[in-house]
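Undergrad: Just so we're on the same page, the numbering used here is the position in the sequence shown counted from 1, plus 112. No residue lacks a Cβ here, since even glycine has one placed at the ideal position from N, Cα and C. Since the structure is predicted, the reported quantities are computational estimates derived from the model, not experimental observations.
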Amino acid sequence: MSYLRSAAFDEAGYVVLDSYDQSKDPQEWLDLEFVDWKSSGDTRFAPLTSAAGEMECNGFWNHTPPRTDKDGVWVTANAEKAPHLVARATEPGANLGRCRVIELQPNEYASALYNLHQDDNNRLNPDGTGWIVRGFFNLSDDPDSVLILREDRFNPDTEIRIPLAAGTQAIVDTQRFWHAVWHRGPEPRYCLITSWESGPELDAYVASHHGAPQTANYPLDSAFVEDAQTEVRRRLAERAAALAAKGKAPTADRGAED
Ligand SMILES: [Fe+2]
Numbered sequence: 113m114s115y116l117r118s119a120a121f122d123e124a125g126y127v128v129l130d131s132y133d134q135s136k137d138p139q140e141w142l143d144l145e146f147v148d149w150k151s152s153g154d155t156r157f158a159p160l161t162s163a164a165g166e167m168e169c170n171g172f173w174n175h176t177p178p179r180t181d182k183d184g185v186w187v188t189a190n191a192e193k194a195p196h197l198v199a200r201a202t203e204p205g206a207n208l209g210r211c212r213v214i215e216l217q218p219n220e221y222a223s224a225l226y227n228l229h230q231d232d233n234n235r236l237n238p239d240g241t242g243w244i245v246r247g248f249f250n251l252s253d254d255p256d257s258v259l260i261l262r263e264d265r266f267n268p269d270t271e272i273r274i275p276l277a278a279g280t281q282a283i284v285d286t287q288r289f290w291h292a293v294w295h296r297g298p299e300p301r302y303c304l305i306t307s308w309e310s311g312p313e314l315d316a317y318v319a320s321h322h323g324a325p326q327t328a329n330y331p332l333d334s335a336f337v338e339d340a341q342t343e344v345r346r347r348l349a350e351r352a353a354a355l356a357a358k359g360k361a362p363t364a365d366r367g368a369e370d
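#1: Looking at residue 154 and ligand 1, is the gap between the Cβ and the nearest heavy atom below 7 Å?
#2: Are residue 273 and residue 260 touching if we call contact CB-CB under 8 Å?
#3: Taking 8 Å as the threshold, find out whether the region 153–162 comes into contact with the region 207–218 through three or more Cβ pairs.
#4: Under the rule that 16 or more other beta-carbon atoms within 10 Å means buried, what is residue 131, buried or exposed?
#5: Can you have a look at residue 298 and say buried or exposed, based on whether 16 or more other CB atoms are within 10 angstroms of its CB?
#6: Alpha helix (DSSP H) containing residue 350: first to last residue?
#7: Could you tell me whether the Cβ atoms of residue 290 and residue 217 are closer together than 8 Å?
#8: With respect to the beta strand (DSSP E) encompassing residue 282, which residues constitute its N-terminal and C-terminal limits?
#9: If you draw a straight line from the C-alpha of residue 203 to the C-alpha of residue 251, how long is it?
#10: With H, G and I counted as helix, E and B as strand and the rest as coil, what does DSSP make of residue 229?
#11: Within the same chain, show all residues whose beta-carbon is closer than 7 Å to that of residue 116, passing over the 5 residues directly before and after it, in chain order.
#12: So residue 196 is in the alpha helix (DSSP H); what residue range does that whole segment cover?
#13: Assuming residue 222 contacts residue 316 (C-beta within less than 8 Å), just tell me the rounded distance between them.
#14: Ignore the nearest five residues each way along the sequence and tell me which others in residue 338's own chain have a CB closer than 8 Å to its CB.
#15: From residue 344 to residue 205, what distance separates their C-alpha atoms?
#16: Is residue 306 near ligand 1, judged by its Cβ being under 7 Å from some heavy atom?
#17: To the nearest angstrom, report how far apart residue 278 and residue 303 are at their CA atoms.
#18: Of the residues 275, 184, 256, which one's Cα is nearest the Cα of residue 325?
#19: Sorry if obvious, but does the Cβ on residue 285 come closer than 7 Å to a heavy atom of ligand 1?
#20: For residue 281, collect the residues of the same chain with a Cβ closer than 6 Å to its Cβ; drop the 5 residues on either side in sequence, then sort them by chain order.
#21: Identify, in the order they occur along the chain, each residue of the same chain with its Cβ nearer than 8 Å to the Cβ of residue 138, setting aside the five sequence neighbours on each side.
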C-alpha cells in the first residue's frame, strides 16, 4: 500500500490556481479571534477548525486520542464570522483537517530562510489513504512578499518563490518542501491555510481552477540570496554552539505551521 497522491503534485510538488478576486469579499479575517501559537516567525493564528472545535491550534496528534490532520471540527465562534473563508475551504469537497488564518508580521529574507521547515501533516495518516497537502490563500495584498519553497533546505538553486498578491492560491505538499514566507510588510500578512486530503475531489478542484506550477520565479538578485544564505549558516552555527554549551544536540528546527 501507499498513499493516494494527486497527479497534479507528482512532478512539481505544488500548484498555483487561478487568482481569486479577493476584493469582492469582506475582510473577514480582521474579525476573527486569534490565539498565540508558536510557528516560524512572529505569528498568531485564528483557527476555523481544530481537533475538537475548541479555540486552539494544536496538532491533532497531540489530542486524545491522537489522530492525523483530517476531520477538523469547526470552531463556531470564528467560522460564523467568516462564511466566505469557510466556503473557500470547503469548496474542494476533500476531507479537511486544520483550517486557520495566519497573521505574520514582517520579517527579513534571511529570517525566512532560517525558519524553513517541513510540515508533519501526515503523521498518523493511515497508509492507503490520501496524502495531506495544504492550501495557502493569501488574503492581504503582499505582491512583493513570497512563499519560499525549497526541495533542498540549503540549496538556493532549488528555491521557488511564489509572490503573494491578494487572491493568490497555492496548494503545496508541505511535507515535501522546506517552506516559509518572507513578508516585507509593513502591515501584517494574512493567509488562509487549509489541510486537504489528496484524492479525486481535490484533483477535480485543482483542474477546475487550472492549477499548475508557476512559469516564472519571483526574481531576486543572486548576491542578495547568497548573503542571506551565509547569514543563515552563521545563525545555525551560533545556535548549535549555544546548544552544545548546554550539553544539548541541535534538534530538527521544525516550525509548527505555515
Ligand atoms: Fe509549515
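TA: Let me spell this out:
#1: Walking along the sequence shown from the start, residue 154 turns up at place 42. The answer is no for residue 154.
#2: Indexing the sequence shown from 1 puts residue 273 at position 161. Indexing the sequence shown from 1 puts residue 260 at position 148. Their beta carbons are under 8 Å apart, which means residue 273 touches residue 260 by this criterion.
#3: The region 153–162, when compared against the region 207–218, does touch it at the 8 Å Cβ threshold.
#4: The residue you call residue 131 lines up with position 19 of the sequence shown. The residue in question, residue 131, is exposed, as its Cβ has fewer than 16 Cβ neighbours within 10 Å.
#5: Position 186 of the sequence shown, counted from the start, is the residue given in the question as residue 298. Its Cβ having fewer than 16 others within 10 Å, residue 298 is exposed.
#6: Residue 350 sits at position 238 when you count from the first residue of the sequence shown. Residue 350 -> alpha helix (DSSP H) spans 334–357.
#7: Here residue 290 refers to the residue found at position 178 when the sequence shown is read from its first residue. Here residue 217 refers to the residue found at position 105 when the sequence shown is read from its first residue. No; because the gap between Cβ atoms is not below 8 Å, this pair is not in contact.
#8: Looking up residue 282 in the sequence shown gives position 170. For residue 282, the enclosing beta strand (DSSP E) starts and ends at 281–284.
#9: As a first step, residue 203 must be located in the sequence shown, where it is residue number 91. As a first step, residue 251 must be located in the sequence shown, where it is residue number 139. Counting only the Cα atoms, residue 251 lies some 17 Å from residue 203.
#10: To locate residue 229, count along the sequence shown from 1; it is residue 117. DSSP, reduced to helix, strand and coil, places residue 229 within a strand of the structure shown.
#11: Here residue 116 refers to the residue found at position 4 of the sequence shown. Spatial neighbours of residue 116 in its own chain (CB-CB distance under 7 Å, excluding positions within 5 residues in sequence) are listed in chain order as 241, 242, 243, 310, 311.
#12: Looking up residue 196 in the sequence shown gives position 84. Here the alpha helix (DSSP H) through residue 196 covers 195–202.
#13: Position 110 of the sequence shown, counting from 1, holds the residue named residue 222. Position 204 of the sequence shown, counting from 1, holds the residue named residue 316. Between residue 316 and residue 222 the Cβ distance is about 40 Å, and since that is not below 8 Å, they are no contact.
#14: Counting from one through the sequence shown, the residue named residue 338 turns up at place 226. Closer than 8 Å at Cβ, skipping near neighbours: 268.
#15: Start at 1 with the first residue of the sequence shown, and residue 344 comes out as number 232. Start at 1 with the first residue of the sequence shown, and residue 205 comes out as number 93. C-alpha separation (whole angstroms): 40 Å.
#16: Here residue 306 is taken as the residue at index 194 of the sequence shown, counted from 1. Checking every heavy atom of ligand 1 against the Cβ of residue 306, none is found closer than 7 Å.
#17: What you label residue 278 is simply residue 166 of the sequence shown in a count that begins at 1. What you label residue 303 is simply residue 191 of the sequence shown in a count that begins at 1. Cα to Cα, residue 278 sits roughly 9 Å from residue 303.
#18: Against the sequence shown, residue 325 aligns to sequence position 213. Measuring C-alpha to C-alpha distances from residue 325 to each of 275, 184, 256 identifies 275 as the nearest.
#19: For the purposes of this step, residue 285 is identified with residue 173 of the sequence shown, where counting begins at 1. False, no ligand heavy atom lies under 7 Å from that Cβ.
#20: Mapped onto the sequence shown, residue 281 falls at position 169. Contacts found: 129, 132, 249.
#21: Against the sequence shown, residue 138 aligns to sequence position 26. Excluding sequence neighbours, residue 138 sits near 196.
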